[in-house]
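Going down the list, the sequences are from chains A and B.
Residue -17 is where the first sequence starts when you use the numbering used here, and the numbers rise one by one after that.
Residue 4 is where the second sequence starts when you use the numbering used here, and the numbers rise one by one after that.
Please read the structure below before turning to the comments.
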Amino acid sequence: MKRAMALILAMVLLLCVGAVACAESNETRASNYFATYGVALSKPGGNKINMTFSCSCAYGTASQIGVSNYYVQCYDADVARWYTVSGPHNGSYSYNASSHSFAKTFQGAAGEKYRVKCTFLCTKNGTTETKSYTSGSVTLP
Amino acid sequence: MMISNDERKIIDSLANDKTVEMKSDDLVEMLNAELNKPESEIDGQLVQEILDVLEPTGPDPAQMQAGWKHVKENLPKRRERSGWRTGFARFAAATAVVAIVLVSTIEDAGAFRWTLIQKILKPVAETFGIIMNDQTDTTPESTETTLYAVSDAPSSLIAYAALDEVPDIHEGYIIRPRWLPEGFAFASGSRFSSYESEIYSLDFTQDERWLNLNIHIITQDSAVYSRKFERNLEIPIEMTIGQHSVTFYSNADDQHQSAVWVHENAHYMLYGELTVEEVKQFIEHME
């Protein structure tokens, strides 16, 4: 009798844990710091890639907002894998602002596909949140 | 009185011959014999030479032994350590020294740009998570033909101090809001321009309430552009407001609303402490 009760209670406990896990997974995870962030890539010519980083914070201004670091990756079609060719580089920040943007130029090689990976950072009320981001890709002609 | 050559030879041989044991007693006897002579007959030179030979050059063995014993007794006591502790302490000290030398060398190499040293120590630095200065430099000196070089792109930033300074329309896209919720006033604004982007950011406030309009215009059709939105949201709502198809996010916990819509090559993002009706009215006036 005691063993049966212990088994039943253990199963009830497991079910409770599973229910909480489901609730956690359904709840939308979002940021109280960032409103939006992203990178635009373009090809100005000369095998160059222009990268424009931009982000904005939610609910007012941030004491610090911008990009902490970024690096450029090239796609190796032979092994179907991205590998870093440049970076990590320091990004840039705005202080006591609601948004930040900056642009960089990357010298690539003709025929190669590139993308950017970076870390956006936002600090409000002494707390910092970072978000990793991977851009779309561009192929140089 | 001059000493004879024989006497001089005896004295020199006794003084210089290291194999012959010094018979100082004979010399003392000779010295006493000379000193017992009448004063006028004493050979001062002989006396002096005998005295030079007899001059002690150092302590005798008994005195040396006594001296060493005294020194030994007064040496500071050293605590005997067990063998393994001594070995461990020496190993730890050596390791600490090596680590300090490595770290300082790595940092010095970065500071003084010792390229060869940086290349040699780079694996060690990466193993211990030490970021060398050259790894985080923003832009290495490069020419246009240096592959994988990164440099500043041509761009400009304009800050707006008043809403009147904000363009009404940019390349056919409405920038300046035509309607604001009651009590909201312009706080700050900026325009960032790069090769493929025109980014406007306008902030409005009403006491503690806050509203931001972000407009990202892509000016190059071939540009690749993507954005992520991080917002507390419950159920995103797709609605048509005026001629715009708007994705609308509402946070029921507070009065924070978010709305994003796309018009041709312009991406509009509205965030703020507004009611749903205020958001709709704002967007309707952006046509």
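The beta-carbon is built from N, C-alpha and C at its ideal position, and this holds for glycine as well.
- Residues of the segment 58 to 69 of chain A with a C-beta less than 8 Å from any C-beta of chain B: V67, S68, G69, listed in chain order.
- Inclusion of V54 (chain A) and V98 (chain A) in the CB contact set at 7 Å is warranted, their separation being smaller than that value.
- Straight across, the Cα-Cα distance linking N35 (chain B) with K72 (chain B) is about 36 Å.
- Take the alpha-carbon of P157 (chain B) and the one of V101 (chain B): they are about 47 Å apart.
- If you check each beta-carbon in the segment 184 to 198 of chain B against every beta-carbon of chain A, the ones closer than 8 Å belong to S191, S193, F195, S197, Y198.
- The C-alpha of T87 (chain A) is placed about 39 Å away from the C-alpha of F187 (chain B).
- When 7 Å is used as the limit between beta carbons, D206 (chain B) is near these residues of chain A: S80, in chain order.
- Neighbours of W213 (chain B) across chain A, judged by C-beta separation under 7 Å: Y41, G42.
- Proximity to S38 (chain A) across A:S119, A:T112, A:G118 peaks at A:T112, based on C-alpha coordinates.
- With a threshold of 7 Å between beta carbons, N32 (chain A) makes contact with chain B.
- Close partners of K95 (chain A) in chain B (Cβ separation under 7 Å) are lacking, with about 11 Å as the shortest Cβ gap.
- Between N215 (chain B) and S80 (chain A), the C-beta gap is smaller than 7 Å, which places the two residues in contact.
- Among the residues facing chain A, I202 (chain B) is included, as its CB has a counterpart in that chain under 7 Å away.
- Between the alpha carbons of E44 (chain B) and Q68 (chain B) lies a gap of roughly 43 Å.
- By the Cβ neighbour-count rule, W182 (chain B) is exposed, with fewer than 16 other Cβ atoms within 10 Å of its own.
- Taking the CA atoms as reference points, V74 (chain B) sits about 28 Å from R93 (chain B).
- Proximity of chain B to A92 (chain A) at the Cβ level (cut-off 8 Å) is not reached, the minimal Cβ distance being about 11 Å.
- In this structure, V227 (chain B) lies away from G90 (chain A), with their beta-carbon atoms at least 7 Å apart.
- Beta-carbon to beta-carbon, T101 (chain A) and S114 (chain A) are separated by about 6 Å, close enough to satisfy the 8 Å threshold.
- Listed along chain B, no residue sits closer than 9 Å to L122 (chain A) by beta-carbon distance, the nearest being about 11 Å off.
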